[in-house]
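Participant: Mapping of the sequence shown onto my numbering: residues 11 to 267, in sequence order.
Think of the CB as a built atom: it goes at the ideal place given N, C-alpha and C, for glycine as much as any other residue.
First the structure, then my questions, so here it is.
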Amino acid sequence: MRGLADRSFIVAGGATGIGAGTALRLAEEGACVVVGDINLAGAQATVEKIAKLGGAAIAVRFDLADEESVQALVDATITEFGAVHGLFNVGADLSPGNLGRDRTLLDTDLDVWSRTLDVNVVGFVRTSRAVLPHLLANGGGSIVNTSSGAAVSATDGQRPAYAASKSAVNALTRHTATNWGPQGVRCNAVMPGLVMGETQVEQNNVALQKMFLERVPTTRLGRPSDLAAAVAFLLSDDAEWINGQVWAIDGGANMRA
Ligand SMILES: NC(=O)c1ccc[n+]([C@@H]2O[C@H](COP(=O)([O-])OP(=O)(O)OC[C@H]3O[C@@H](n4cnc5c(N)ncnc54)[C@H](O)[C@@H]3O)[C@@H](O)[C@H]2O)c1
Numbered sequence: 011m012r013g014l015a016d017r018s019f020i021v022a023g024g025a026t027g028i029g030a031g032t033a034l035r036l037a038e039e040g041a042c043v044v045v046g047d048i049n050l051a052g053a054q055a056t057v058e059k060i061a062k063l064g065g066a067a068i069a070v071r072f073d074l075a076d077e078e079s080v081q082a083l084v085d086a087t088i089t090e091f092g093a094v095h096g097l098f099n100v101g102a103d104l105s106p107g108n109l110g111r112d113r114t115l116l117d118t119d120l121d122v123w124s125r126t127l128d129v130n131v132v133g134f135v136r137t138s139r140a141v142l143p144h145l146l147a148n149g150g151g152s153i154v155n156t157s158s159g160a161a162v163s164a165t166d167g168q169r170p171a172y173a174a175s176k177s178a179v180n181a182l183t184r185h186t187a188t189n190w191g192p193q194g195v196r197c198n199a200v201m202p203g204l205v206m207g208e209t210q211v212e213q214n215n216v217a218l219q220k221m222f223l224e225r226v227p228t229t230r231l232g233r234p235s236d237l238a239a240a241v242a243f244l245l246s247d248d249a250e251w252i253n254g255q256v257w258a259i260d261g262g263a264n265m266r267a
């Protein structure tokens, strides 16, 4: 893909799953990768995999909920690689203590709403605010945000805070694309279907897997590499006329005009 080799990209949430898969794919394309995550050991494991491929990457611990650590992530990128050309926002609080308590409007505690919106939405605001000045100084760049099919479907009638956070990510994507498109910044989002990264394998929600498989025309569950290919493309110059889009990468589970 054009415009990835020798450029530097931040994967904000690259310890496992879709983020780790995308970090690897970017490195395979010759990019320098900063793997940020609250799980430093996981980020380091991703960097080790990249190093085995002969790629350039560093791991940085940061917290989407902590603005100072977000700035430190971006500063570390500049120190290590001299520039930042793009950002993949992929981290989300999917922990049992948060997502696991996100049930219905009537039985979800308000702290779950606050935490979910703070990490999943305001977290992407924090990273985007820290990266945007660098992209503008470079004359442009690309941001890809991670949404979810939950933003546009009822799924199993649960997780309203998570679904609302991902709808907000779609709105944030359009806002960023609209305001900084004229200065060369593109911002798009991917909406994954059910993707079997480490977290989904561990949680092994058989009912969710069955429900998804019943409605997906391309009859299999997703792999991190499915998302990695789409995200690498959106970060690359091959996607230079794609802006403000929200793409369902889900085997056709959500078909929208
Ligand atoms: N896997 C799916 O089926 C699926 C479906 C739809 C959307 N998504 C979205 O895709 C993204 C990646 O999900 P995944 O399935 O790869 O899960 P994952 O758990 O493997 O990845 C999430 C990453 O975010 C990190 N993280 C969590 N809280 C953080 C914080 N406060 N600061 C920094 N990093 C933090 C985790 O440590 C982890 O590495 C998420 O945004 C998720 O909502 C996933």
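For residue 30, which residues of its own chain have a beta-carbon under 7 angstroms away from its beta-carbon, when the five flanking residues on both sides are left out?
Facilitator: Counting only Cβ-Cβ distances below 7 angstroms, and skipping sequence neighbours, we find 24, 56, 234.
Participant: Within its chain, find whatever has a CB closer than 6 angstroms to the CB of residue 222; leave out the 5 residues flanking it on each side and keep chain order.
Facilitator: These residues qualify, in order along the chain: 204.
Participant: May I ask which residues mark the beginning and end of the alpha helix (DSSP H) holding residue 156?
Facilitator: Note, residue 156: premise wrong, no alpha helix (DSSP H); beta strand (DSSP E) at 151-156.
Participant: Would you tell me roughly how many angstroms separate the C-alpha atoms of residue 63 and residue 39, rounded to the nearest one?
Facilitator: Distance between the alpha carbons of residue 63 and residue 39: 11 angstroms.
Participant: Roughly how many whole angstroms lie between the Cα atoms of residue 172 and residue 139?
Facilitator: Going by the C-alpha atoms only, they are around 22 angstroms apart.
Participant: Counting pairs of beta carbons, one from the stretch 110-125 and one from the stretch 158-165, are three or more of them closer than 8 angstroms?
Facilitator: Touching, no.
Participant: For the beta strand (DSSP E) that residue 124 lies in, which residues bound it at each end?
Facilitator: Careful: residue 124 lies outside any beta strand (DSSP E), inside the alpha helix (DSSP H) at 120-127.
Participant: Could you give the C-beta distance for residue 155 and residue 134, rounded to a whole number, given that I count them as a contact under 8 angstroms?
Facilitator: Confirmed, about 6 angstroms.
Participant: Do the CB positions of residue 206 and residue 231 come within less than 8 angstroms of each other?
Facilitator: Yes, the pair counts as a contact, with Cβ atoms nearer than the cut-off.
Participant: Decide if residue 190 is buried, meaning its Cβ has at least 16 other Cβ atoms within 10 Å, or exposed.
Facilitator: Residue 190 comes out buried.
Participant: Does DSSP classify residue 96 as helix, strand or coil?
Facilitator: Of the three classes helix, strand and coil, the one that applies to residue 96 here is strand, per DSSP.
Participant: Just checking my contact of residue 245 with residue 152 at CB under 8 angstroms: how many whole Å lie between their CB atoms?
Facilitator: Residue 245 to residue 152, Cβ: 5 angstroms. Contact.
Participant: Count the other CB atoms, across all protein chains shown, that sit within 10 Å of the CB of residue 141; report buried if there are 16 or more and exposed otherwise.
Facilitator: When all chains shown are included, residue 141 counts as buried.
Participant: Is it the case that the CB of residue 219 approaches a heavy atom of ligand 1 more closely than 7 angstroms?
Facilitator: For ligand 1, not one heavy atom lies less than 7 angstroms from the Cβ of residue 219.
Participant: Count the other C-beta atoms from every protein chain shown that fall within 10 angstroms of the C-beta of residue 106, then say buried if there are 16 or more, exposed otherwise.
Facilitator: So residue 106 counts as exposed.
Participant: Would you give the residue range spanned by the beta strand (DSSP E) that residue 164 belongs to?
Facilitator: That residue, residue 164, is in no beta strand (DSSP E); it is neither H nor E in DSSP.
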